[in-house]
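Asker:
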């Protein structure tokens, strides 16, 4: 069992690509003095991935003490969360871990308002179909700029994120975890204004990828020297949804959104999914190379490892000479 878990985590980290902006990555301490989280409702609950990571390092996940995530927020609200932090915490700690996951509500708003309007306008004005839009985006004859309001909102999200990272890095945050966002198709109802689910999957994926790219660009533009630990949450979610029975028990799959295990009826991660995400983020933070942002290489995770992920003891041997304690990485 331990060997299979080790293989899983080694694959997640080994198939990662280091993204940095010119600075030399600082070596993380054996443990962090504290952990602070910013984001939306994906990070607010007491059983969230962020809470599990926080508790792993010996801190408590308390609202306006270590947990500054607010449900329903977008990247426009990052300044509000940062101001809450500055009001309640004295300065920034170079030995603390700062985590941020935001973007789902930005994309939901874009899909509900700007995108539905602009794609209908585009197809009507040019006399083309939804399939033609997909083909145009695939061959490059259409780009994000053909949806100007959508493009503005996506670029705004990237700029908001970049400025937020700059602010905390300039004030002393030395270890910053950033999660990217998965394809919004996975948690959205079927769009009545699109031709079919295949079109919806592509277009929602296109917007989600564009948002992630805007975040990358924003961080590179505003905080090129920040020490960022990127976690490819998008690839992790894709793997879990593609092979749910490999990671979730029958009970964990029942009564979940589309019976895929990762999202509950409120379109938020299940407790089991939060545990897997926390384990992944910890493996990223504590890997020897501290890397995990996959862009081109798929995460190839072995089959039938669900029970292994829930094991209370992990041997995270990266090779014969570099080992982490199994107890250290346990998520129970």
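In mature numbering (1 follows the signal peptide of the UniProt record, and there is no 0), the protein residues as written are -26 to -1, 1 to 306. Backbone N, C-alpha and C fix where the C-beta goes; we use that ideal spot for every residue, glycine too. Since this is a predicted model, take the numbers as computed values, not measurements.
So is residue 260 buried or exposed if we call it buried at 16+ other beta carbons inside 10 Å?
Answerer: buried
Asker: Suppose you measure from the CA of residue 235 to the CA of residue 113; what does that come to, to the nearest Å?
Answerer: 35 angstroms
Asker: Can you check the stretch 66 to 141 for any beta strand (DSSP E) of at least 3 residues that lies completely inside it and give the ranges in chain order?
Answerer: Segments of the beta strand (DSSP E) lying fully in the stretch 66 to 141: 71 to 75.
Asker: Assuming residue 134 and residue 49 are in contact, meaning their beta carbons sit under 8 angstroms apart, how far apart are those beta carbons, in whole angstroms?
Answerer: 4 angstroms
Asker: Please confirm whether residue 124 and residue 156 have their CB atoms less than 7 angstroms apart.
Answerer: no
Asker: Determine, using beta carbons only, whether residue 244 and residue 230 come nearer to each other than 7 angstroms.
Answerer: yes
Asker: Going by the DSSP bridge assignment, what does residue 243 pair with across the sheet?
Answerer: 237
Asker: Which first and last residues belong to the beta strand (DSSP E) in which residue 12 is found?
Answerer: 9 to 13
Asker: With a threshold of 16 other CB atoms inside 10 Å of the CB of residue 266, please say whether the residue is buried or exposed.
Answerer: Per-residue confidence for residue 266 stands at a pLDDT of 38, beneath the threshold of 50, marking its modelled position as unreliable; the derived number appears in the next sentence. With 16 or more other Cβ atoms within 10 Å, it is buried.
Asker: Any chance the stretch 160 to 176 sits against the stretch 100 to 110, with 3 or more Cβ pairs inside 8 angstroms?
Answerer: yes
Asker: Can you tell me whether residue 99 is buried or exposed, with buried defined as 16 or more other CB within 10 angstroms of its CB?
Answerer: exposed
Asker: Between residue 205 and residue 237, is the Cβ-Cβ spacing less than 7 angstroms?
Answerer: no
Asker: So, helix, strand or coil for residue 183, using DSSP?
Answerer: helix
Asker: Going by DSSP in three states, residue 207 sits in which element: helix, strand or coil?
Answerer: helix
Asker: From residue 164 to residue 87, what distance separates their C-alpha atoms?
Answerer: 15 angstroms
Asker: Distance, Cα to Cα, residue 289 vs residue 97?
Answerer: With a pLDDT of 29 at residue 289, under the threshold of 50, the modelled position of this residue cannot be trusted; read the value that follows with caution. Roughly 54 angstroms separates the two Cα atoms.
Asker: Could you give the first and the last residue of the continuous beta strand (DSSP E) run that contains residue 149?
Answerer: 149 to 153
Asker: Do the CB positions of residue 41 and residue 11 come within less than 7 angstroms of each other?
Answerer: yes
Asker: According to the Cβ coordinates, are residue 136 and residue 192 closer than 7 angstroms?
Answerer: yes
Asker: With DSSP run on the structure shown, which of helix, strand or coil describes residue 44?
Answerer: coil
Asker: Run through DSSP, which three-state label would residue 63 get?
Answerer: In the structure shown, residue 63 sits in coil (DSSP, three-state: anything other than H, G, I, E or B).
Asker: Kindly list the residues whose CB is nearer than 6 angstroms to the CB of residue 184, restricted to its own chain and excluding five residues on each side of it in sequence; keep chain order.
Answerer: 118, 128
Asker: Taking the continuous alpha helix (DSSP H) assigned at residue 26, which residues delimit it?
Answerer: 23 to 30
Asker: Report the rounded CA-to-CA distance for residue 307 versus residue 225, giving the unit in angstroms.
Answerer: Outside the modelled stretch of the chain, which goes from -26 to 306, sits residue 307, for which no answer is possible.
Asker: Classify residue 232: buried if its beta carbon has 16 or more other beta carbons within 10 angstroms, exposed otherwise.
Answerer: exposed
Asker: Check each candidate in 30, 43, 36 and name the one with the smallest Cα separation from residue 15.
Answerer: The residue with the shortest Cα to Cα distance from residue 15 is 43.
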